[in-house]
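Enquirer: Have a look at this one before I ask anything.
Residue numbers (this note's numbering), protein chains in the order written: chain A, 1 to 95; chain B, 96 to 587.
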């Protein structure tokens, strides 16, 4: 198995997803199954091949570096679970 | 009066102008079907009042003359498209009650043409799934059932609400998105036409992102002509999406001549796999034969890296998903978990994401996080991106010899809800469709016929990048020859 319980905990931490103890083993098993299966990619000879980074060859468009949108504070806060006095509210971050 | 809800867009367009009925009549008929279709669980939000308002406006526009093709046409919209002030949750609890303050470019284009919105359609959570079973609203049920059997079947996924609603005559056309097959597989499972355009043809602005280098929106329709009409309206050059192609949108419907004389159609030998149903092989051969009979030349081709497309996809798409879904933090929108005394910002993130995401989404975020993490990046992600280049090269070389490629859409027809519990087994659903996303090409699924137990099967045509005109025309010729006209028997 390529993914053990510690790896699941580490990855979940990196992904900011709380994982209960009883979930660790099933995740380890499923993630291992998937990663063992994608292992077959290693048999492909990719010598001299550049990684493909865009589905269609294109150069990103450029535009004038100017403000085209803004002044929409209320729109931006409208869906926040907790917004106060024009800000997103979160638990204390800095002591 | 004939049943308004089984008409094609092209028919309705004519009849609306001939004043056989009004957009209000048409919309009312669909609202009735939507209200009576709850057993299928296709809709996650119904908007009958908005629909009536839009229909009224459409009637005024039709009366004034010169209305666009979609004027007064009732549509269903996949939950992945942001619709202003209307719940848009991407099938996820983490976007609980999210009401976007903006409208996606695609839906803006549709409303600008006078289309009518009946509501939002269920989908697999964040479009991750092939059976619509990961939707936070519960599974959608396919209107099709096996002959003499009441087993509930999947309408496919991730755009399962879109395929089921269309097949059950609850909309005249629907929108979907396709990252690995999420339009074409559900279309094949429901006897409908599903088109995934070239990546960059349709703006992704305002569509909840899953895997940005693969996602592309497209229509579900009853016919290829309707797909051309819908694509015409959906596609645009959009400055809000810097990856939307700077290529003018051609007149797709005008390309439908049905003439395929001299066209070369490729049959890839790698698309014959174990466990493929005998009927799909038969339909595939017949489809090729029909095109040959109309003057096309059938050419055997090879796409040697086909078998690596699915594993490469399951590195690239989770990697992009883990990055895209990092934005769901319980702060800016959507769900925030109840916190305990002393919990800080990290617990807020971790608990909100644990409660908000379903298991399949968590799996993919974790796979993506893993393959992008230090020490694994080159072995997994870079390798997959290199293999992706080889898959793309296979297609480039094939398209030097052929104009389109014909394959089955799926190896087998719709399966029962709950039948596939292993994630890997589910992933194999996309074996014939995912290659197209990896290469960014356009693909269309056309209904081919019924399996021995009475379920629809689809054939897929793959075209050149931005070659939708030619692709739609070949699909039109195929559709004309296949003469598929079966509809599900109403049981719901």
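We put the beta carbon where it would ideally sit given N, CA and C, even for glycine.
Residues in its own chain within less than 7 angstroms of residue 546 of chain B by CB, not counting five upstream and five downstream?
Expert: 372, 374, 508 and 552
Enquirer: Would residue 4 of chain A count as contacting chain B if we go by Cβ distances under 9 angstroms?
Expert: no
Enquirer: Taking contact to mean at least 3 C-beta pairs separated by less than 8 angstroms, is the region 324-344 of chain B in contact with the region 459-479 of chain B?
Expert: no
Enquirer: Which whole runs of the alpha helix (DSSP H) in the region 151-208 of chain B are 4 residues long or more, in chain order?
Expert: 200-207
Enquirer: Would you mind telling me which residues of chain A sit closer than 9 angstroms to residue 184 of chain B, beta carbon to beta carbon, in chain order?
Expert: Per Cβ cutoff of 9 angstroms: no residues; residue 184 of chain B is ~11 angstroms from chain A at best.
Enquirer: Do you know whose CA, among A:4, A:5 and A:17, lies nearest residue 461 of chain B's CA?
Expert: Distance from the Cα of residue 461 of chain B is smallest, within the candidate group A:4, A:5 and A:17, for A:17.
Enquirer: In three-state terms, what does DSSP make of residue 48 of chain A?
Expert: coil
Enquirer: Taking a Cβ distance cut-off of 9 angstroms, strictly less, list which residues of the region 482-498 of chain B are near chain A, in chain order.
Expert: 482, 483, 484, 485, 486, 487 and 488
Enquirer: Are the beta-carbon atoms of residue 504 of chain B and residue 530 of chain B separated by less than 9 angstroms?
Expert: No, the Cβ-Cβ distance between residue 504 of chain B and residue 530 of chain B is not below 9 angstroms.
Enquirer: What residues in its chain sit with their C-beta under 8 angstroms from that of residue 154 of chain B, if we drop five residues either side in the sequence?
Expert: 117, 118, 119 and 167
Enquirer: Take the Cβ of residue 271 of chain B as the centre, count every other Cβ of all protein chains shown within 10 Å, and call the residue buried at 16 or more, exposed below.
Expert: Per the 10 Å Cβ criterion, buried.
Enquirer: With distances taken from CA atoms, which of B:276, B:337 and B:288 is nearest residue 301 of chain B?
Expert: B:337
Enquirer: Cα separation between residue 323 of chain B and residue 566 of chain B?
Expert: Spanning the two alpha carbons is a distance of roughly 10 angstroms.
Enquirer: Within the same chain, show all residues whose beta-carbon is closer than 8 angstroms to that of residue 191 of chain B, passing over the 5 residues directly before and after it, in chain order.
Expert: 184, 429, 430 and 451
Enquirer: Mark residue 312 of chain B as exposed unless 16 or more other C-beta atoms lie within 10 angstroms of its C-beta, in which case mark it buried.
Expert: buried
Enquirer: Does any CB atom of chain A fall closer than 9 angstroms to the CB of residue 302 of chain B?
Expert: In terms of beta-carbon proximity, residue 302 of chain B stays away from the interface with chain A, with every pair separated by 9 angstroms or more.
Enquirer: Does the region 509-522 of chain B come within contact of the region 382-393 of chain B, defined as at least 3 CB pairs closer than 8 angstroms?
Expert: no
Enquirer: Along chain A, which residues have their Cβ under 9 angstroms away from the Cβ of residue 316 of chain B?
Expert: Ordered by position in chain A, no residue passes the 9 angstroms Cβ test against residue 316 of chain B, which lies about 24 angstroms from the chain.
Enquirer: Taking residue 98 of chain A as the reference, which of B:544, B:137 and B:485 has the closest Cα?
Expert: Since the first residue of chain A shown is 1 and the last is 95, residue 98 of chain A is not available in this structure.
Enquirer: Hey, quick one: how far does the beta strand (DSSP E) through residue 315 of chain B stretch, first residue to last?
Expert: 312-316
Enquirer: Please check the pair residue 399 of chain B and residue 489 of chain B, which I expect to be a contact at CB under 8 angstroms, by giving their CB distance rounded to whole angstroms.
Expert: 6 angstroms
Enquirer: Kindly indicate if chain B contains any beta-carbon less than 9 angstroms away from that of residue 63 of chain A.
Expert: yes
Enquirer: Three or more C-beta pairs closer than 8 angstroms, one from the region 72-79 of chain A and one from the region 303-317 of chain B: is that the case here?
Expert: Because the criterion of three Cβ pairs below 8 angstroms is not met, the region 72-79 of chain A and the region 303-317 of chain B do not touch.
Enquirer: When the Cα atoms are used, what is the spatial distance from residue 53 of chain A to residue 480 of chain B?
Expert: So the alpha carbons of these two residues sit roughly 7 angstroms apart.
Enquirer: Let me know the secondary structure DSSP gives residue 140 of chain B once reduced to three states.
Expert: strand
Enquirer: Which residue from B:188, B:104 and B:276 puts its Cα closest to that of residue 306 of chain B?
Expert: B:276
Enquirer: Could you tell me whether any Cβ in chain B is nearer than 9 angstroms to the Cβ of residue 16 of chain A?
Expert: yes
Enquirer: Are the Cβ atoms of residue 188 of chain B and residue 453 of chain B separated by less than 9 angstroms?
Expert: yes
Enquirer: Pull up the CB-CB distance for residue 476 of chain B and residue 414 of chain B, whole angstroms please, since I reckon it's below 8 angstroms.
Expert: 6 angstroms
Enquirer: Spatial neighbours of residue 199 of chain B within its chain, please: CB distance less than 6 angstroms, with the 5 preceding and 5 following residues excluded, ordered by chain position.
Expert: 176, 177, 301 and 302
Enquirer: Against residue 24 of chain A, what residues of chain B qualify as contacts under a CB-to-CB distance less than 7 angstroms, listed in chain order?
Expert: Within 7 angstroms Cβ-Cβ: nothing; residue 24 of chain A doesn't reach chain B, min ~11 angstroms.
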